[in-house]
Each structure stands twice: as C-alpha cells, then as structure tokens.
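All the letters of the sequence shown, read from the start, carry residue numbers -5 to 230 under the working numbering. Think of the CB as a built atom: it goes at the ideal place given N, C-alpha and C, for glycine as much as any other residue. Have a look at the structure below, then the notes.
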Amino acid sequence: MLELQKYCYQRVAAEMNLNFHLVVLDDPKTDGAIEAVSCGKASALHTFQGGLNLDSFADAAKLWLPQLGPGKRDVLNLVHQFVKPHAVCPILPFPASHPRFPDELIEEYGDLFEAISDPFESTWQVDARDLVYAHEKNPLDLYRTILRIDEARRVVFAEMGGSQLILSPLGSKALALGMLMAALEREFAVVSVESITYKVDIAVYEPLLPTGGELVHIWLHGEAYGDLSSNEESRQ
C-alpha cells in the first residue's frame, strides 16, 4: 500500500496545481482481529530502498524504528534479522484510545528488549530511554519525531560513516501514515514482510463492526489557499 501511495504522490508532485489527500479509517481493535499470514521473508519495499544496498551506507550506524502491533513477533524477528541494526527504538502508540495498550505491547515484547534473553532468539537491547511514543491518531506527531531523531543522529555520526534510519510500519494505519510522510521526505528505507493472505475470527470480528472507526486525514501535496495575490486581483 505504501508503494501505491508513493507512486500517486510522485505523479501528483509533478503537477504543482494538484492536491493529494490521504484518508484512512483507523480502528486498531478491528484491525487487530484480522490476522495476516506472512510470506516468511523480510525485504525493503521496492520504492523505499533508502540506500540499504549502497556502498555509501556500508559503514552507517543503522537505527531500526519498528512500529509495534499485537501478534507481530514472527514478523519483527524476520525484519530484525534482515536489517541487523546497531540500535532499535520501538514505537508505541501513546496517547492511545485504549490507555493500557502501550503497556500490553511492552508485556508482549518486553523479553525482546532485554540484553540477554532466549539464546535462540536475538534481542534488541532496548531500555526505557529508547522507546518512542507517538499519538495513536496523529500521524504528524510520529512524522516530526522521526525527523528530529534523524537530524540529531546526522550530527553525531557525520564523521563515523553516517546514520541510516530503517522504518517498519507494523501497527495502526494512522501511525503508518506518519512513517510514510517521513520516508517520502527523507527517503528512508522501509522494511516489512509481505502478507500473502489474511485470517479473520468472525466471532471476534463481528462484535467490533458497530464500533466503526475514526477517519484520519493528511494533506500530502498542494496549496491550501492557492495563489492569494492572484485571487485578490481577480476580486478587484
């Protein structure tokens, strides 16, 4: 989906007088009732390579920013093995519609944060200072946070091979939009695992349908008010 959004954005960006809006219906509970079956292989999205295979980034300090979502352990492990990051900053939704949701995610993945865990499972070596909190319904919050992290790391690692950010949108749609905006602006790599099919537990899914969701809108390209000077002249 991110690849299609980038294609549309690039087509629209070539025409200065066009506007490009993205609107998603975000409902984490309903999305959580749908289980994605992965292909079992992590890869960078075709249009979001972000220089992963370029020699110029061979010595760069890799920071992986995975968006955490329930039931994504296998996918997260596949991406971690593919990226081989030097540091990990997991993204948690906070504030969230369900106040306990960030705590539940920490409980689910907390063992991966530890420096020493299962000897057969690689850990992320994450502590409380590495966690990134982003408003669950505000893509701009995560977008600005990612850019601030990138700017700070560029200064720190400028003389040591540079810095490289790798994003993985594996949670709510709203936060994924924030990642999309950052990736479009700074050409970050986006790594995920393709889903080949989806499973739905109808007994869990149907009771959630009446709750609906919340529309999240971002304006990716265009002029909000056009050319004000020409509008003023036309009125005169």
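DSSP places L178 in the uninterrupted alpha helix (DSSP H) bounded by 167 to 180. For the 8 Å CB-CB criterion, Q61 and M173 form a contact. Looking at the DSSP output, I85 bridges to Q61, V126. Under the three-state reduction of DSSP, G155 is assigned to coil, being neither helix nor strand. Proximity to L19 across F107, G216, I212 peaks at I212, based on C-alpha coordinates. The C-alpha of V185 is placed about 6 Å away from the C-alpha of S37. Membership of D21 in any alpha helix (DSSP H) is not indicated, and neither H nor E is assigned to it by DSSP. The continuous beta strand (DSSP E) containing L209 extends over residues 208 to 215. Annotation: the continuous beta strand (DSSP E) that includes E188 extends over 183 to 194. Judged by their CB atoms, L169 and L16 are not nearer to each other than the 8 Å cut-off. Straight across, the Cα-Cα distance linking P93 with A8 is about 42 Å. Excluding residues up to 5 positions away in sequence, H129, E130 lie with their Cβ nearer than 7 Å to the Cβ of P89 in the same chain. The way I'd put it, the segment 173 to 183 does touch the segment 131 to 148; three or more beta-carbon pairs between them come closer than 8 Å. In the structure shown, F14 adopts extended strand secondary structure according to DSSP, grouped into three states. It is roughly 26 Å from the alpha-carbon of V194 to the alpha-carbon of I85. Looking at K66, Y3, Q4, D21, the one whose alpha-carbon comes closest to that of S189 is K66.
In terms of Cβ geometry, L57 and L(-4) do not form a close pair [threshold 8 Å].
Nearest in C-alpha terms to F151, of all of F14, C33, N13, H80, is H80.
For G34, the enclosing beta strand (DSSP E) has its first and last residue at 28 to 38.
In its chain, beyond the 5 residues on either side, L86, F88 have a beta carbon closer than 6 Å to the beta carbon of Y127. Only residues of its own chain outside the window of five on either side were considered, and among them W58, W118, V120 have a CB closer than 6 Å to the CB of V82, listed in chain order. Taking 8 Å as the cut-off, the Cβ atoms of Q158 and F42 do not count as close.
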